[in-house]
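In our numbering, the protein residues as written are 5 to 232. The beta carbon of each residue, even a glycine, is placed where N, CA and C say it ideally should be.
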Ligand SMILES: Nc1ncnc2c1ncn2[C@@H]1O[C@H](COP(=O)(O)OP(=O)(O)O)[C@@H](O)[C@H]1O
Ligand SMILES: [Mg+2]
């Protein structure tokens, strides 16, 4: 389902051209597989997720997701591909401010275009109900607690039935009780929708609930990736 081969990423920063961050000879994930990506801060986890989502292009190498080579897609093709096939859950939620829970999920559906628009509202409401927010459809994101905001972003990530969900420290902004609930929800929702999950987390308890734990140190042959 996902295959990276010889993926390199360098950042170009003024005065210190091309600082290498990642060199990944090979990384593969199967359909519906759940993988925890662990590693210290600054080791390139977010960079890797951004490349898999097609938000960031690798410096060289190939990323194959479903049946597409990401490097062969134009920016607008990548945007459409991502909207349909990849769900993203961020540490800081990244909901549209001033929009309701429902409107946030609807926005993802408009980009994904997997259902005719007359079905969108019903489907968005169902999805929010699945994450326990059936009673919060019309609350604006700023009126929701952190735990509730992350639930909205899980609903948003899964509403288009993506093949892959990328979650970057999804519980790091939550208190312990909410973190546990959101982690379980993310895990269960990916299972019930048949989505693979690639999750970065410092929470080893959460990482251990995945099928496989990958340390970025073992994945990437660059050990001095920090730009300091
Ligand atoms: N836009 C950027 N420009 C230059 N360096 C960057 C940029 N984004 C990240 N980096 C550097 O790349 C390395 C990996 O960052 P990141 O992927 O955010 O790590 P992690 O998510 O594991 O904390 C860090 O050393 C960081 O400083
Ligand atoms: Mg990060």
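- It is roughly 20 Å from the alpha-carbon of residue 44 to the alpha-carbon of residue 183.
- Burial is judged here by how many other beta carbons sit within 10 angstroms of a residue's own beta carbon; residue 71 has fewer than 16 and is exposed.
- Taking 4 residues as the minimum length, the alpha helix (DSSP H) runs contained wholly in the segment 110-160 are 124-134, in order along the chain.
- Annotation: the segment 23-95 contains the following complete segments of the alpha helix (DSSP H) (minimum length 4 residues), in chain order: 49-56 and 79-89.
- According to the DSSP secondary-structure assignment, residue 218 is paired through a beta bridge with 41.
- Membership of residue 10 in any alpha helix (DSSP H) is not indicated; the residue belongs instead to the beta strand (DSSP E) covering 6-17.
- For residue 215, the distance from the CB to the nearest heavy atom of ligand 2 is not below 7 Å.
- Around the beta carbon of residue 28, a 10 Å sphere encloses 16 or more other beta carbons of the protein chains shown; the residue is thus reported as buried.
- Taking a C-beta distance under 8 Å as the contact criterion, residue 214 and residue 40 qualify as a contact pair.
- For residue 92, the closest C-alpha among the options 53, 49, 76 and 60 is that of 53.
- Per DSSP, reduced to three states, the secondary structure at residue 200 is strand.
- The beta carbons of residue 95 and residue 152 sit no closer together than 8 Å.
- Under the criterion of beta carbons closer than 8 Å, residue 171 and residue 203 qualify as touching, at roughly 4 Å.
- For residue 142, the closest alpha carbon among the candidates 176, 106 and 66 is that of 106.
- Remark: the C-beta of residue 50 is in contact range of ligand 2, defined as less than 7 Å to any heavy atom.
- When C-beta atoms of the segment 190-199 are compared with those of the segment 12-27, fewer than three pairs fall below 8 Å, so the two segments do not count as touching.
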